[in-house]
Amino acid sequence: MKIIILGAGQVGGTLAEHLAREENDITVVDTDGERLREL
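So the sequence shown is numbered by the numbering used here: it starts at 2 and just counts up by one.
Here it is in structure tokens:
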């Protein structure tokens, strides 16, 4: 499944990690590059 998550904060980051484990195609959008690198 292709999923877009807006925001890489605590909720968005956790959601992205869980969905990625299920082999989904995840795109995370955030203005904070450091948060995106941490994912």
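Cβ coordinates follow ideal geometry from the N, Cα and C atoms, glycine included.
From the options, residue whose alpha carbon lies closest to that of residue i
i	options	result
leucine 7	Asp31, Arg22, Asn25 and Asp26	Asp31
alanine 9	Glu23, Ala21 and Ala17	Ala17
Length of the line joining the Cα atoms of residue i and residue j
i	j	result
leucine 37	alanine 21	14 Å
valine 12	methionine 2	19 Å
glycine 14	isoleucine 4	13 Å
glutamate 39	glutamate 23	19 Å
glycine 34	asparagine 25	22 Å
Per DSSP, the bridge partner or partners of residue i
i	result
threonine 28	Ile5
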